[in-house]
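In the UniProt record's numbering, the protein residues as written are 1 to 209. Note that beta-carbon positions come from the ideal geometry of N, C-alpha and C, so glycine has one too. First comes the structure, then the notes that go with it.
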């Protein structure tokens, strides 16, 4: 039997999930909660193998709940089941440690598939979620070579809108050297201009502001 815990603040969804999953002999619904606080307390007691978590709860986000659960029970697998697929929420949930991410409009059988896959540590993603993650991977791969320490210094000043001359003065290097560094930065970040470089630097935390 696979011990599963349900977390959702909508009674209709919670009862529907429970009724559907309970029809499967190999799935044991060991508990349910409608708030993050109740879920944390109950999950610590019942120690399920898998938790199916909604992202929007009345007292905390599903991302926060995922982090809290995994800090207590690292071996548990989290399946996010949500109506939302905003980029920031998707990435935050995966970064927090969620294994799978399904939308509530997914075919019911997909959730069963995700539960059995989670038992083996394998992820299952809704197509829209998989597409978002692929885009993220593609962006990360765009950094052809790591930036040198000096290039990061130049990039920091560049992101503040400074000219080559101003950057050179701040770093005690020549305008020509700054120009070379900027050229290398654009190539390594795979961007066309200084503005794109600054935006990418901030989005991917390449510099500290």
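Residue 27 and residue 2 closer than 9 Å at C-beta: Yes; because the gap between Cβ atoms is below 9 Å, this pair is in contact.
Taking the CB atoms as reference points, tell me whether residue 147 and residue 188 lie closer together than 9 Å. Taking 9 Å as the Cβ cut-off, residue 147 and residue 188 qualify as a contacting pair.
Report the rounded CA-to-CA distance for residue 4 versus residue 82, giving the unit in angstroms. Using only the alpha carbons, I get a separation of about 17 Å.
Segment limits, beta strand (DSSP E) that includes residue 28: First-last of the beta strand (DSSP E) with residue 28: 27 to 33.
Kindly list the residues whose CB is nearer than 7 Å to the CB of residue 155, restricted to its own chain and excluding five residues on each side of it in sequence; keep chain order. 147, 185, 197, 201, 206, 207
Anyone know if the C-beta pair for residue 85 and residue 112 falls short of 9 Å? no
Can you tell which of 16, 19, 33 has the C-alpha that lies nearest to the C-alpha of residue 9? Minimum Cα distance to residue 9 is reached at 33.
Using three-state DSSP, classify residue 53 as helix, strand or coil. strand
Grouping DSSP H, G and I as helix and E and B as strand, with all else coil, what is residue 23? coil
With a Cβ-Cβ cutoff of 9 Å, do residue 65 and residue 40 count as a contact? yes
Residue 158 lies in the alpha helix (DSSP H); which residues open and close that run? Segment 149 to 159, the alpha helix (DSSP H) holding residue 158.
Residue range of the unbroken alpha helix (DSSP H) whose run includes residue 182: 175 to 189
From the DSSP output, in three-state form, read off residue 63 for me. Three-state result, residue 63: helix.
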